[in-house]
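Undergrad:
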Amino acid sequence: MRVLVTGGAGYIGSHTTLALLESGHDVLVVDDLSNSSEESLRRVASLVGREARFVEANVRDEAALDEAFASFSPDAVIHFAGWKAVGESTQIPLTYYRENLGSTFTLLDAMAKHGCNRIVFSSSATVYGEESEPPFVEDAPTGATNPYGRTKAMIEEILADVAAARPELAVGVLRYFNPIGAHASGRIGEDPKGIPNNLLPFVAQVASGRRDKLMVFGDDYDTADGTGERDYIHVVDLAAGHLAALAKLETVEGYHVWNLGTGNPTSVLQIVRAFEVAAGVEIPYEVVARRPGDVAASFADPTKAQAELGWRAELSVEQACADTYRWQSANPNGYADA
Ligand code: NAD
Ligand code: WQD
Numbered sequence: 001m002r003v004l005v006t007g008g009a010g011y012i013g014s015h016t017t018l019a020l021l022e023s024g025h026d027v028l029v030v031d032d033l034s035n036s037s038e039e040s041l042r043r044v045a046s047l048v049g050r051e052a053r054f055v056e057a058n059v060r061d062e063a064a065l066d067e068a069f070a071s072f073s074p075d076a077v078i079h080f081a082g083w084k085a086v087g088e089s090t091q092i093p094l095t096y097y098r099e100n101l102g103s104t105f106t107l108l109d110a111m112a113k114h115g116c117n118r119i120v121f122s123s124s125a126t127v128y129g130e131e132s133e134p135p136f137v138e139d140a141p142t143g144a145t146n147p148y149g150r151t152k153a154m155i156e157e158i159l160a161d162v163a164a165a166r167p168e169l170a171v172g173v174l175r176y177f178n179p180i181g182a183h184a185s186g187r188i189g190e191d192p193k194g195i196p197n198n199l200l201p202f203v204a205q206v207a208s209g210r211r212d213k214l215m216v217f218g219d220d221y222d223t224a225d226g227t228g229e230r231d232y233i234h235v236v237d238l239a240a241g242h243l244a245a246l247a248k249l250e251t252v253e254g255y256h257v258w259n260l261g262t263g264n265p266t267s268v269l270q271i272v273r274a275f276e277v278a279a280g281v282e283i284p285y286e287v288v289a290r291r292p293g294d295v296a297a298s299f300a301d302p303t304k305a306q307a308e309l310g311w312r313a314e315l316s317v318e319q320a321c322a323d324t325y326r327w328q329s330a331n332p333n334g335y336a337d338a
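In structure tokens, the structure reads:
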């Protein structure tokens, strides 16, 4: 299959591009490198021995997208491109709406024009907000609590409307829980700019001595050890979920939503312990106030993806910590070291 991957130079996109190439698919990546480096794609090529085509462009750029579709004739699209920092989205909401919604409009127009009828979209467990109780099932009420999350909830609704209007379309919305880990080679991984917002990259930088200690955001939640519980899913499992969704969309039409999670909650302190074992170092931490907007627990009911996609998460949190540490140790400054 020929797959056009937006945001394919990024964290999840690069791991998925690798999995697609390994499975024999042809890939064209469209990425503006606003939060990534082309080095990720060079490394993917060196790991697979075959490269993805690359177009450096914003997905909102109609002319660039038109040319990409005309020259590549994709059978399907995976749409990763988007801005994703929750805190930043409250500061510059218009940028989030413009980039995330705008890129989706341009992409859907190009798909219609060029007769491409399959799309997999990167949504997020953040759409469950505070409306529902975990484990979250796909038809639970949604209610995002910040501009970033609202872009995901809005795009889901837009995709459902477009699918209803164009019966030939097959749409797969994947709600990721908390992606962590790196490819086992240690050659590609998550490369956040500045101070990491997310737990795993922060812990990895403490383990490697780049930061002094972890701030644990609250230990008075109604959870087993009082710290926040999340459903951490290995990025390699996540990538496999995209291939399973693409295969499913060859056999069904219409609009579909699947959770991609493990179903298992893991606390902040359990992550700290797992990382200490993986890295063989102590992770100093200090418990501080809760982070505004955080929920106590978030984890998936992954039954639907298991039943309909034949996919399930296989790699453990311990494995993800070991893989993250391998990536972090070999690339202390991410792709900037290349
Ligand atoms: P990432 O920032 O590493 O990757 C996104 C990529 O898209 C980057 O390479 C960036 O340069 C590119 N990009 C952004 N806007 C663009 C645009 N308008 N045109 C072209 N390229 C653009 O992020 P990621 O963690 O790989 O996330 C991928 C997708 O998954 C995003 O849509 C994100 O919202 C979603 N998601 C991520 C997480 C997570 O915790 N990482 C969880 C749930 C959902
Ligand atoms: C995990 C746990 C924190 C950092 C975010 C987005 C979500 C999705 C995934 C895109 C929580 C605790 C964290 C730290 C800590 N992204 N923590 N100290 O908040 O579940 O989800 O990323 O869609 O939309 O909101 O992930 O990694 O930030 O936090 O104690 O320095 O770690 O309180 O319990 P979160 P996270």
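The letter at position 188 of the sequence shown is residue 188 when you use UniProt numbering, and the numbering goes up by one with no holes.
Here a beta-carbon is modelled for each residue, glycine too, at the ideal position from N, C-alpha and C.
Roughly how many whole angstroms lie between the Cα atoms of Phe275 and Pro284?
TA: Answer to the nearest angstrom: the Cα atoms are 12 Å apart.
Undergrad: Per DSSP, what kind of secondary structure is Pro201 in: helix, strand or coil?
TA: In this structure, Pro201 counts as helix in the three-state DSSP scheme.
Undergrad: Can you tell which of Asn198, Gln270, His234 has its C-alpha closest to the C-alpha of Ala224?
TA: Here the closest residue by C-alpha is Gln270.
Undergrad: Assign Glu156 to buried or exposed, taking buried as 16 or more other Cβ atoms, counted over all protein chains shown, within 10 Å of its Cβ.
TA: Buried: at least 16 other Cβ atoms inside 10 Å.
Undergrad: Let me check understanding here. Comparing Cα to Cα, which of Ser208, Ala184, Ala64 lies closest to Phe15?
TA: One point to set straight first is that residue 15 is His, not Phe, in the sequence displayed. When each option's Cα is compared against that of His15, the closest is Ala184.
Undergrad: Could you spell out the range, first to last residue, of the beta strand (DSSP E) harbouring Ser124?
TA: Segment 118–124, the beta strand (DSSP E) holding Ser124.
Undergrad: Note down the Cα distance separating Asn308 from Arg187, rounded to an integer number of angstroms.
TA: Asn is not the amino acid found at residue 308; the sequence shown has Glu there. The alpha-carbon atoms of Glu308 and Arg187 are separated by roughly 32 Å.
Undergrad: What are the boundary residues of the beta strand (DSSP E) that Tyr11 is part of?
TA: Not the beta strand (DSSP E): Tyr11 falls in the alpha helix (DSSP H), residues 11–22.
Undergrad: Is the CB-CB distance between Gly7 and Ala85 below 8 Å?
TA: No, Cβ-Cβ distance for Gly7 and Ala85 is not below 8 Å.
Undergrad: Excluding the 5 residues preceding and the 5 following Ala322 in the sequence, name in chain order all residues of the same chain whose CB lies nearer than 6 Å to its CB.
TA: Cβ within range, chain order: Ala278.
Undergrad: Can you confirm whether the segment 109–121 touches the segment 171–184 when touching is taken to mean that 3 or more C-beta pairs between the two stretches lie within less than 8 Å?
TA: Segments in contact, yes.
Undergrad: Can you name the start and end residues of the alpha helix (DSSP H) that Val236 belongs to?
TA: It spans 235–248 - the alpha helix (DSSP H) in which Val236 sits, taken as one unbroken run.
Undergrad: Per DSSP, what kind of secondary structure is Asn259 in: helix, strand or coil?
TA: Asn259: strand per DSSP, three-state reduction.
Undergrad: Just the C-alpha distance for Ala9 and Leu260, rounded to the nearest angstrom, thanks.
TA: Those two C-alpha atoms are separated by around 21 Å.
Undergrad: Comparing C-alpha positions only, which one of Gly24, Ser36, Asp61, Val59 sits nearest to Gly49?
TA: If we check each option's Cα against that of Gly49, Gly24 comes out closest.
Undergrad: For Lys193, which residues of its own chain have a beta-carbon under 8 Å away from its beta-carbon, when the five flanking residues on both sides are left out?
TA: Only Asn35 meet the Cβ criterion.
Undergrad: Is it right to say Gly228 is buried, meaning 16 or more other beta carbons lie within 10 angstroms of its own, or is it exposed?
TA: Buried, by the Cβ-count rule.
Undergrad: Just grab the DSSP bridge partners of Ile180 for me.
TA: Bridge partners of Ile180: His234.
Undergrad: Pull the bridge partners of Gly254 from the DSSP assignment, please.
TA: Its beta-bridge partners are Ala170.
Undergrad: Using three-state DSSP, classify Ile155 as helix, strand or coil.
TA: Note: Ile155 maps to helix in three-state DSSP.
Undergrad: Out of curiosity, what's the CA-to-CA distance linking Asn146 and Val206?
TA: Near 28 Å, if we compare the C-alpha coordinates of Val206 and Asn146.
Undergrad: So, Gly263 versus Ala300, is the Cβ gap smaller than 8 Å?
TA: Yes.
Undergrad: Do Leu18 and Gly181 have their C-beta atoms closer together than 8 Å?
TA: Their beta carbons are not under 8 Å apart, which means Leu18 does not touch Gly181 by this criterion.
Undergrad: Would you be able to state if there are at least three C-beta pairs under 8 Å between the segment 124–131 and the segment 211–225?
TA: In short, these stretches do not touch, since the Cβ pair count stays below three.
Undergrad: Got a sec: does the ligand WQD put a non-hydrogen atom nearer than 7 Å to the Cβ of Asp150?
TA: It should be noted that the sequence gives Arg, not Asp, for residue 150. Checking the Cβ of Arg150 against the ligand WQD gives no.
Undergrad: Thr175 by DSSP, collapsed to three states: which one?
TA: Note that residue 175 is Arg in the sequence shown here, rather than Thr. Arg175 falls in the strand class under three-state DSSP.
Undergrad: Suppose you measure from the CA of Ser73 to the CA of Trp83; what does that come to, to the nearest Å?
TA: Answer to the nearest angstrom: the Cα atoms are 26 Å apart.
Undergrad: Using only alpha-carbon positions, find the residue among Tyr97, Phe136, Phe105 that is nearest to Ala305.
TA: The shortest Cα separation from Ala305 among Tyr97, Phe136, Phe105 belongs to Phe136.
Undergrad: Taking the alpha-carbon positions, what's the Ala45 to Met111 distance?
TA: So the alpha carbons of these two residues sit roughly 26 Å apart.
Undergrad: Under the three-state reduction of DSSP, which class applies to Val86: helix, strand or coil?
TA: Correct three-state label for Val86: helix.
Undergrad: Pull up the DSSP beta-bridge partners for Arg43, would you.
TA: DSSP output for Arg43 lists no bridge partner at all.
Undergrad: Taking 7 Å as the cut-off, does the CB of Arg273 come closer than this to any heavy atom belonging to the ligand WQD?
TA: Arg273: no, Cβ never under 7 Å from the ligand WQD.
Undergrad: Is the closest heavy atom of the ligand NAD to the C-beta of Val268 under 7 Å?
TA: Not so, every heavy atom of the ligand NAD lies at least 7 Å from the Cβ.
Undergrad: Which residue wins for smallest C-alpha separation from His256, given the options Pro292, Val162, Asn178?
TA: The shortest C-alpha separation from His256 is found at Val162.
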